[in-house]
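Every number in the working numbering is 6 more than the matching position in the sequence shown, counting from 1. The beta carbon of each residue, even a glycine, is placed where N, CA and C say it ideally should be. Remember, it's a predicted structure, so these values are computed and weren't measured experimentally. Heads up, the thing below is written out as structure tokens.
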Amino acid sequence: LPEAIRDFDAALCAEPRNVLFLLDRGAARQALGRSEEAVADADSALELRPDYVPALQFRGEVRRKMGRHREAIADFNAALRLDSRQVQALAGRGAALRALGLRAEALADYDAALAIVPRSPSILA
């Protein structure tokens, strides 16, 4: 993964406004436990494309895994305002709500996600 980060760094030198490169580098950083840098890459992607749902979802998921549940919920809410059928955002928000002890709200999000994609392994896990 460190090689992948170097490759994305080089790609971003050539195409500094490529949000996909930013998010892919963020994913590699997250996999290495460099969560703050992953959030920074998502922030950079959102500076370029403020309404880019994958960046909002990615940042929300990283923040959720960091235990920053309220910030994660804000990201998932923003993604869902742009596209209410984003299953990943519904499931991520459900997980963050559950972590905050808001079980009824979490269950509502899981139910909404399952209504879109029944029997989804990622939601049922």
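- Linking residue 95 to residue 84 through their CA atoms gives a straight-line distance of about 9 Å.
- Only buried fits residue 35, as 16 or more other CB atoms lie within 10 angstroms of its CB.
- Between residue 75 and residue 112, the CB-CB gap reaches or exceeds 8 Å.
- With 16 or more other CB atoms across the displayed protein chains lying within 10 angstroms of its CB, residue 32 is buried.
- If you ignore the 5 residues before and after residue 72, its C-beta comes within less than 7 Å of the C-beta of 41, all in its own chain and listed in chain order.
- Burial check for residue 107: the Cβ neighbour count within 10 Å stays below 16, so the residue is exposed.
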